[in-house]
Each structure stands twice: as structure tokens, then as C-alpha cells.
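Chemist:
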Amino acid sequence: MHLYSGRARTIESVVGVLILLIMIATAVGIYIISQDYNMARFGIASQEESQGDFTSVGKAETYNNDNLYEKIDGKAPMYQEAGFIKLDTQRFAAKSNSELGFEIYIYDMNNAKNAFSVYSRQKRADATDLGGLGAPASPDSLVSRGGSAFGYVAGNAICLSLGKNYVEMIGSAESNELVDGMKGIAKDLSAKFKPTEKDKIAELGYFPVVDTVAGSWKLQIDNAFGFDGLTDAYSALYKSGDKTVSIFFSKRRNADEAKTVAKNYYDFLITNGAKAISVDSEILKSAGASVVDFYGSFEMVFSTGIFVGGVHEANDKQAAEKAAEVLIGRLKEIND
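Using my numbering, the first residue of the sequence shown is number 5, and each one after it goes up by one.
1. Measure the alpha-carbon distance for ASN71 versus GLY62 and round it to whole angstroms.
2. In whole angstroms, what separates the C-alpha of MET186 from that of PHE197?
3. Looking only at its own chain, which residues have a Cβ that is under 7 Å from the Cβ of ASN258, when we skip the five neighbours before and after it?
4. Just the Cα atoms here: how many angstroms apart are ARG95 and GLY292?
5. Locate the alpha helix (DSSP H) running through ARG334, then write down its first and last residues.
6. Tell me which residues share the same chain as LEU273 and place their Cβ nearer than 7 Å to its Cβ, disregarding the 5 neighbours each side in the sequence.
7. Can you list, in chain order, the residues of its chain whose CB lies under 7 Å from that of GLU329, leaving out five sequence neighbours each side?
8. Taking C-alpha atoms, which residue in THR200, VAL157 and ALA177 lies nearest to LEU2?
9. What is the residue span of the alpha helix (DSSP H) that GLN84 lies within?
10. Pick from GLU181, LYS168, ASN180 and ILE162: whose alpha carbon is nearest that of ILE174?
11. If we ignore side chains and look at the alpha-carbon of each, how far apart do GLU317 and SER60 end up?
12. Skipping 5 residues on each side, what residues in its chain have a beta carbon closer than 6 Å to that of GLN224?
13. Applying the criterion that 16 or more other CB atoms from any shown protein chain within 10 Å of the CB defines a buried residue, is GLU337 buried or exposed?
14. So what does DSSP say about PHE106, is it helix, strand or coil?
15. For SER176, collect the residues of the same chain with a Cβ closer than 8 Å to its Cβ; drop the 5 residues on either side in sequence, then sort them by chain order.
16. Can you tell me whether DSSP reads THR264 as helix, strand or coil?
17. Quick one: what's got a C-beta closer than 8 Å to ASP246's C-beta in the same chain, skipping five residues either side?
18. Check the C-beta distance from PHE154 over to TYR123 and give it rounded, since I have them as a contact under 8 Å.
19. Taking DSSP's pairing of strands, which residues face LYS279 in a bridge?
20. Specify, as a first and last residue, the run of the beta strand (DSSP E) that ASN68 falls within.
21. Can you tell me which of the three DSSP states LYS198 falls into?
22. According to the neighbour-count rule (16 or more other Cβ atoms, all chains shown, within 10 Å of its Cβ), is VAL214 buried or exposed?
23. Is the distance from the Cβ of LYS79 to the Cβ of ASN118 below 9 Å?
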């Protein structure tokens, strides 16, 4: 009896040691991987080189789905839900002033749509769009070229959507010298990550050509406007007279699915306190559009062909209906 107990304790000890060794090896492996990436492969200076007036500080680091929270605690789920693969980071400091620096974050989001989604959803209100990245300037150019390269400056930050990569550069201060340095890297990255034909987001060209506000495009892959049944929803600001409203659409697999999603979204709004109101536009009536008053703002939803579309959080009902009429016309052109 004692012999078997002793053997059992020995086996348990061996197994325990093996598990501990495996855990240690895994941790060491993750540490080595996360500390020894060479950013030169992105066209950015390595630790021994300089990027213009800036030199890298410390080693580059990388993070995956298992440890992303360590770098961006609180925001990790948003990236992971959008298709995140890995994150590479590197810090830089100005050679003339070591207190002036920035950190670059390069997120591999697996495809251009995922990258554009996290880029557009986080775009700051004070952003100024960057030129020279190959980004289309208007829906008109989006129609033929598609969207695949975008960038903006906001305060001490530059953010880019380049093919499957979402890039952030966060400066230590608001400084023209710092922003100019980051713009240089942005230009290098746009050449390094030059989008291919498959990276083009054709849907960005589906918005009305006239009066859609350039640079306002957004993509919500899941849970658009808080409704989990509305996925891959593209939205943009639209100038309706002297008013600005937010229009949106989502491309579905077929017309029946589009009708179902539109109805379910309408039901979702009503369930959450929206009040159905009459539709004035004959065009919208013929399209079966629904309009609701949602705590003082107007929501509109319709389906046309394989598209669900509508207006979100409009302050003016007449402007919302006019914008919806134009959007329906544009989506019918795409359907045809």
C-alpha cells in the first residue's frame, strides 16, 4: 500500500515539474518573440540606424492575441473582434532632443476591411486628412479606384490604414518637428505597405458621389449602432441642404436577407423606445422605408435589392428623408 502511494507521489512530482518546465519555456519563447523583432523589415530604422532626425530606442516588440492586453489594456477586445493578428511596436527619440519622441504601433489586421474598420471607428473629430498616401479624395474617385490607403493627423498622433495594416504613431508632445518626423515615416510606410488590387474596399464607392463628406467614411464590422444583426455597415456624413446627416448601408447576400435585416433593425429600435412616425417622401414610401423618432433624433431604415440602408441620428426629418432618397437612388445604380 505504501509502495503504490510513494510511486503515485513520484509520478505527480515528475508531472508537476514537466508542466512547470513547459510553462517556463512558453513564457521565455513569448518574451523572445516579443522583444526581438526587427522593424527594418517595415522600412523603418532598426536599433542601429536612424529614421531622419529620429533614432530608435530599445528593441522592437510584438504582441499577439494572448498578450495584446498587456500593451493596450481596455482596447484589446475591439481589435480582436475585428480580426487582429499581431502588433509590432517601436519607440523613437529625436537625436537633437531625447525628450521628444514617439511610439509606432503597426497592427496586422489580416485584411484591408478590418484595418479600415478600426481606423475609421477611432478617427478623431479634430483629424486633418493626410495627402500623398494614395487615398481617394472623394466618392467619385472611390468608384473607380476603391479605398485602401487612408491617413490623418490629430494633435500629437498620426493614424494610417494601409492595406491590411492599421498604424498609429503617438508623440510625446504636440510639436511640428515631431509631426514632420512622423509624416516622413508615414510616407515610407505607405510605400512599403502599398495596397494591392485585392485590398481595395469597393463598398466605399457606393456612397452618393455628390455631397458625401470626404474622409467621413466608417465601417462597423459587427454590432452596428448597437444592433448585433447589422454587420458590415458602412456609414458616412452627407450634406443635405444646409444640414449634415449620417447615412449608412450594408450589403447582404440576397434581397430576402436585406428585407429581414431591415425589419429586424426597425423592431430593435421600437423595442428600445423609438416611436414610429409617418414617412412624407413618396420615394421612401414606395421603397417601404420606416422612420422613427428615437428620443429626439430620427432613424430611418429601408431595403433595396441586396442592400439595407438608412439614416442614423439625424436632427432634421426633412434632411434625413432627402438624404435617404439620394442613397436609395445610388444603391439602385449599384444593384443594376
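Ideal Cβ positions, reconstructed from N, Cα and C, are used throughout, including at glycine.
Modeler: According to the structure data:
1. Going by C-alpha positions, ASN71 is about 19 Å away from GLY62.
2. Linking MET186 to PHE197 through their CA atoms gives a straight-line distance of about 16 Å.
3. Excluding sequence neighbours, ASN258 sits near ILE310.
4. If I take the Cα positions, the gap works out to 54 Å.
5. That run of the alpha helix (DSSP H) goes 321-339.
6. Excluding residues up to 5 positions away in sequence, VAL296, PHE298 and GLU303 lie with their Cβ nearer than 7 Å to the Cβ of LEU273 in the same chain.
7. The residues are SER285, ILE287 and LEU288.
8. Beyond the ends of the chain as shown, which are 5 and 340, falls residue 2; an answer cannot be given.
9. Element bounds for GLN84: 80-85.
10. Cα-wise, what sits closest to ILE174 is ILE162.
11. In a straight line, the C-alpha of GLU317 is about 45 Å away from that of SER60.
12. Within the same chain, GLN224 has close Cβ partners ALA237.
13. Exposed: under 16 other Cβ atoms inside 10 Å.
14. Of the three classes helix, strand and coil, the one that applies to PHE106 here is strand, per DSSP.
15. These residues qualify, in order along the chain: GLU103, LEU104, GLY105, PHE106, ASN160 and LEU182.
16. If DSSP states are grouped into helix, strand and coil, THR264 belongs with the helices.
17. So the list is empty, once near-sequence residues are dropped.
18. Contact flag correct, Cβ pair sits at about 6 Å.
19. DSSP output for LYS279 lists ASP297 as bridge partner(s).
20. Where ASN68 is concerned, there is no enclosing beta strand (DSSP E), given that its DSSP letter is neither H nor E.
21. Here LYS198 carries a coil assignment [DSSP, helix/strand/coil].
22. Around the Cβ of VAL214, a 10 Å sphere holds fewer than 16 other Cβ atoms; the residue is exposed.
23. Contact flag unset, no.
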